[in-house]
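Numbering of the sequence shown is given in UniProt numbering, commencing with residue 1 and proceeding in unit increments. Heads up, the beta-carbon is just placed ideally off N, CA and C, and yes, glycines get one too.
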Amino acid sequence: MDLRDARAFVPGMIEVLEKRGWLKFAERPGQVNETWTWKFYANVAVLSQEAVLITIRRVYIFIAPKNINKLLELAAQDPVYYVKTLALSNGECRIWAADILYPKEGEPPKFGNCRIKKSTFTLEAKNWVNCVLARLKPSKNDDDIPLHRAILTAAIMEGWPIEVDQVVTAEIRDAFPKVSKSMHFPWVLIELMKKFKVRRLEDRWVQGPRNR
1 MDLRDARAFV
11 PGMIEVLEKR
21 GWLKFAERPG
31 QVNETWTWKF
41 YANVAVLSQE
51 AVLITIRRVY
61 IFIAPKNINK
71 LLELAAQDPV
81 YYVKTLALSN
91 GECRIWAADI
101 LYPKEGEPPK
111 FGNCRIKKST
121 FTLEAKNWVN
131 CVLARLKPSK
141 NDDDIPLHRA
151 ILTAAIMEGW
161 PIEVDQVVTA
171 EIRDAFPKVS
181 KSMHFPWVLI
191 ELMKKFKVRR
201 LEDRWVQGPR
211 NR
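In structure tokens:
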């Protein structure tokens with residue numbers, strides 16, 4: 001998915017990405033170093049919550065938000081409103097997010113098991129949640145949206161500051177090593193390996209996921 005394609009559907013979306021400094025990862029990934037990616041996630045999967053260091057080919061790599069920020073050339077943010085919203089009860093979060101993601105008139109929001117149905121989102125909300133699912137909180141399920149992804153989407157639409165480095169690092173550490181075999185964040189991992197000068201050797205390169 002090339003997020004720049006959204007220009008034809010949501011006027012101003014590219015301008016918002018540019019203002020936030022997110023254009024660096026708006027393009028569809030090209031070639032992915034499959035070997036690096038599998039080695040990376042295999043190491044991250046066994047990290048404790050406190051650990052921040054893994055070793056790949058005798059090179060130490062720090063899994064820290066500040067490294068992600070540097071790679072993406074992003075400035076530090078103060079996500080106070082986003083963090084406060086996450087601290088609300090599920091019921092309060094759903095009401096707040098639905099007010100932003102759904103049309104003011106028409107079919108009422110659909111909820112279930114801490115998820116929100118995407119089918120009746122506004123067109124703008126559908127495009128922004130696709131952005132979140134493709135780049136910030138990757139998921140193959142793009143119909144039933146978990147509440148935490150819906151909140152992030154609504155916060156972006158509200159123009160709230162978002163710490164991309166914190167979001168990406170949390171997803172890398174907590175979600176995918178335990179439950180997914182997909183190669184998420186290939187664009188980040190390649191740059192991270194280059195930054196720490198990990199040797200390539202006889203690595204396998206494959207085409208990047210179309211929607212990641």
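Check this for me: beta carbons of residue i and residue j, under 8 Å apart or not?
i, j, result
"I162", "Y82", "yes"
"K137", "E171", "yes"
"L192", "I61", "yes"
DSSP three-state label for residue i, please.
i, result
"K19", "helix"
"K117", "strand"
"L47", "coil"
"N69", "helix"
"V198", "coil"
Pull up the distance between the alpha-carbon of residue i and that of residue j, whole angstroms please.
i, j, result
"P79", "V44", "26 Å"
"A76", "L17", "16 Å"
"T120", "H148", "18 Å"
"K66", "V167", "12 Å"
"I190", "N33", "7 Å"
"T85", "V132", "17 Å"
"K19", "G12", "10 Å"
Sort the options by Cα distance to residue i and report the nearest one.
i, options, result
"P146", "H184, R173, W160 and A98", "A98"
"K117", "V132, D143 and K194", "D143"
"A64", "T55, R115 and D165", "D165"
According to the neighbour-count rule (16 or more other Cβ atoms, all chains shown, within 10 Å of its Cβ), is residue i buried or exposed?
i, result
"A125", "buried"
"L53", "exposed"
"L23", "exposed"
"R135", "buried"
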